[in-house]
Every structure is written in C-alpha cells, then in structure tokens.
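**Q** After the structure tokens below, expect a handful of questions from me.
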Amino acid sequence: MEFPEMKRVVVKVGTSTLTYENGRPHLRRIDQLVKVISDLKNSGRQVVLVSSGAIAVGVNRLGLAARPQETRGKQAAAAVGQCDLMSLYDRAFSEFGYVTAQLLLNRDVVDLPERKTNAVNTIEALLEMGAVPIINENDSISVEEILFGDNDNLSAIVAALCGAQGLVILTDIDGYYDRDPRTDPAARLVARVTRVSDEMLASAGGTGTNRGTGGMRTKLEAARYCMERDIAVAILAGDHPARLYDLFDGRAVGTVFCKGEAND
Ligand code: GLU
Numbered sequence: 459m460e461f462p463e464m465k466r467v468v469v470k471v472g473t474s475t476l477t478y479e480n481g482r483p484h485l486r487r488i489d490q491l492v493k494v495i496s497d498l499k500n501s502g503r504q505v506v507l508v509s510s511g512a513i514a515v516g517v518n519r520l521g522l523a524a525r526p527q528e529t530r531g532k533q534a535a536a537a538v539g540q541c542d543l544m545s546l547y548d549r550a551f552s553e554f555g556y557v558t559a560q561l562l563l564n565r566d567v568v569d570l571p572e573r574k575t576n577a578v579n580t581i582e583a584l585l586e587m588g589a590v591p592i593i594n595e596n597d598s599i600s601v602e603e604i605l606f607g608d609n610d611n612l613s614a615i616v617a618a619l620c621g622a623q624g625l626v627i628l629t630d631i632d633g634y635y636d637r638d639p640r641t642d643p644a645a646r647l648v649a650r651v652t653r654v655s656d657e658m659l660a661s662a663g664g665t666g667t668n669r670g671t672g673g674m675r676t677k678l679e680a681a682r683y684c685m686e687r688d689i690a691v692a693i694l695a696g697d698h699p700a701r702l703y704d705l706f707d708g709r710a711v712g713t714v715f716c717k718g719e720a721n722d
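For the sequence shown, the residue numbers in the working numbering are 459 to 722.
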C-alpha cells in the first residue's frame, strides 16, 4: 500500500531530530512535528509515535557534562528525560486537542505472548479513544535495551504489533544512499527500495551521531522486518517535519521501502 492510502501509521523520531547538538530539546522541531501529526490525525489517520531522546534530554536536564558511559547513569538519565519529553509532547499535542499516552516497552513484548496481547490491546484501545500513543524503550529497567536496543527496530516491532500499514523513520539524513554520502561524493539517494539485501545491510554504517544509538544499518533492519510483513517504510529527514505532508500527499520524498516495482 502507498502512503497516501494508509489509515494507521507509526512515526519514529530519533534523538538527533529532537535535540540540538548540545543536548537541549529542539522545541521548534517538536512543535512542528506535533502539528503535522495532529493534522494527519485530523485527516482521519491513526498515528503511533515512537520517540527516542529520553537519555539525551535527561543528560541535559540533570546538567551532566556528557552522556554517562555506564548503564546505571544512562538508566537514570532516561528516567529523567522521559518525563521531560512526555511533558513537552503533552503540552504541544494538547494545543491541537489531542491526548498523549506513554508506553515504555521491552523486547519481551515480542517474546511473551501475554505481554504482547496486553500491549496490542492497550495501543488499540488508545487509538480507538483518539489518543496519541507515544512509545519508547523502557531504558531505565532494561539493561540489554540500552546496550543493544535501538528505537529503529523497536518502531518496526511496534508497527507490526499495532497492524500499521506504514512506518516513517525521521532521522538526520534525507534517505537511504547507495554509498555513504559522508565519505563518498558520488553517493546517490535511492528513492525506492523493493528488497533489503544482505549486502545493503553489510555496507550500511553504524551510529549517525553521538546522541542517539541507531544508524542506517538499524533502519535497514527495521525496513526488512516491516517489508516481510507487508508494511511499507519511509526514511525521511526529520529537520522539516512538514515533509510528512509530501509523503502522505504522494509526492516523492526520502526513500520508500515497499515490495513491488524494482529498485531504482
Ligand atoms: N531509547 C533511547 C532514548 O530514548 C534511544 C534509543 C535510540 O536512539 O535508538 O534515549
């Protein structure tokens, strides 16, 4: 299915989009993102937001000089930042009449059937009630989530859990390039991908910035996971959230991963 026809979508936003380089929340961008998501909801769509940024915002709020290296410090920062982030989202969404809801998930929502059912039922009920579920990893109690987890893969799992037709990943690059654009000037943006190959995964880079944990590799993993389940994925630059309108109006933007016509 193409994005303009979709009725239920997951939007994932990364730390690099939500914060300045100094770690402070990028308020203008958060406001713009919330406005666009509210408008997508006004147009009759259901939107689930997967938001990173808890650790970075917590580090800033606590006045720490740098992101803690050890797990307990990251977990504490996440606990502080998650509150801060939710309060920013809640204030912004309420301007457009929308209620927010926080869900902190671990990977066991996939492994344990009872937890999975509970998560699915809660998200479904929230969407029926018109609320905006805002999901993050439960960083503060989950060691392996912080060490290995990333919200790209989490957002793909969430898209599958809630039966979304599409997942939009907003990040600090405007799509998937056939080579690393930071080191290779000949790199070309790929508008449409129909299959995520092992070679694409092997050559994709790791972390994009030192504020988040994902990179292109985790985005490709997320895209592959979704495509196997007939969920389309778009990777867009998050610096101008209004690009989401282009995607949902059917204009070419970023990279769309969808089974069908050949890679260009
Ligand atoms: N869950 C982490 C946070 O909110 C970020 C994980 C990620 O960047 O993928 O800070």
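Each residue gets a CB set at the ideal place from its N, CA and C atoms; glycine is no exception.
Note that this is a predicted model, so its numbers are computed, not measured.
Could you pull out every unbroken beta strand (DSSP E) segment of at least 3 residues lying fully inside the stretch 547 to 591, listed in chain order?
**A** Counting whole runs of 3 or more residues, the stretch 547 to 591 contains the beta strand (DSSP E) stretches 558 to 563.
**Q** To the nearest angstrom, how far is the alpha carbon of T676 from that of N609?
**A** If you take the alpha carbons of T676 and N609, they lie about 9 Å apart.
**Q** For N596 and R701, I'd like the C-alpha separation in whole angstroms.
**A** Rounded to whole angstroms, N596 to R701 spans 29 Å at the Cα level.
**Q** Could you tell me whether the Cβ of R549 comes closer than 8 Å to any Cβ of chain D?
**A** Looking at the structure shown, chain D is missing, and only one protein chain is on hand.
**Q** Can you tell me whether DSSP reads Y703 as helix, strand or coil?
**A** Of the three classes helix, strand and coil, the one that applies to Y703 here is helix, per DSSP.
**Q** Secondary structure at L619, three-state DSSP: helix, strand or coil?
**A** DSSP places L619 in helix when its eight states are reduced to three.
**Q** Give the DSSP-derived three-state secondary structure of L659 in the structure shown.
**A** Note: L659 maps to helix in three-state DSSP.
**Q** Tell me whether I599 is buried or exposed, calling it buried when 16 or more other Cβ atoms sit within 10 Å of its Cβ.
**A** Flag for I599 reads exposed.
**Q** Look at the Cβ atom of E472, then the Cβ atom of D630, and state whether they are nearer than 8 Å.
**A** Looking at the sequence shown, residue 472 is not Glu but Gly. Closer than 8 Å, so yes.
**Q** With DSSP as the reference, please indicate the residues paired to T629 in a beta bridge.
**A** Its beta-bridge partners are A695.
**Q** What is the rounded straight-line gap between the Cα of L439 and the Cα of A512?
**A** As displayed, the chain neither begins before 459 nor continues past 722, which places residue 439 out of reach and without an answer.
**Q** Output the distance between the C-alpha atoms of R669 and D642, rounded to the nearest integer angstrom.
**A** With a pLDDT of only 49 at R669, under the threshold of 50, the placement of this residue in the model should not be trusted; the figure read from the coordinates follows. R669 and D642: Cα-Cα distance of roughly 23 Å.
**Q** Here's a check: name, in chain order, each residue in its chain whose Cβ is nearer than 7 Å to the Cβ of D704, leaving out the five neighbours to either side.
**A** For D704, where only same-chain residues beyond five positions count, the Cβ hits under 7 Å are V711.
**Q** With a CB to CB cut of under 7 Å and the five nearest residues on each side skipped, what residues in its chain are close to P526?
**A** Only K532 and A535 meet the Cβ criterion.
**Q** Nearest-angstrom Cα distance between S545 and Y635?
**A** Their Cα atoms are separated by approximately 35 Å.
**Q** Pick helix, strand or coil for Q533, following the three-state DSSP scheme.
**A** DSSP places Q533 in helix when its eight states are reduced to three.
**Q** According to the neighbour-count rule (16 or more other Cβ atoms, all chains shown, within 10 Å of its Cβ), is L612 buried or exposed?
**A** Result: buried.
**Q** Using the rule of at least 16 other Cβ atoms within 10 Å of the residue's Cβ for burial, across every protein chain shown, is L625 buried or exposed?
**A** The residue is buried, with at least 16 neighbouring Cβ atoms inside 10 Å.
**Q** From L520 to A514, what does the alpha carbon distance come to, in whole angstroms?
**A** Between L520 and A514, the C-alpha separation is close to 10 Å.
**Q** Which word fits R682, buried or exposed, when buried means at least 16 other C-beta atoms lie within 10 angstroms of its C-beta?
**A** Counting Cβ neighbours within 10 Å, R682 comes out buried, since at least 16 surround it.
**Q** Could you tell me whether the stretch 581 to 592 touches the stretch 555 to 566, using the rule of 3 or more Cβ pairs below 8 Å?
**A** The stretch 581 to 592 vs the stretch 555 to 566: in contact.
**Q** So the alpha helix (DSSP H) V505 belongs to, where does it begin and stop?
**A** Premise fails: V505 lies in the beta strand (DSSP E), Q504 to S509, not in any alpha helix (DSSP H).
**Q** Does the Cβ of M459 have 16 or more other Cβ atoms within 10 Å, making it buried, or fewer, making it exposed?
**A** Under this definition M459 is an exposed residue.
**Q** I want to check one thing, is the minimum distance from the CB of E686 to the heavy atoms of ligand 1 below 7 Å?
**A** Answer for E686: no, Cβ out of range of ligand 1.
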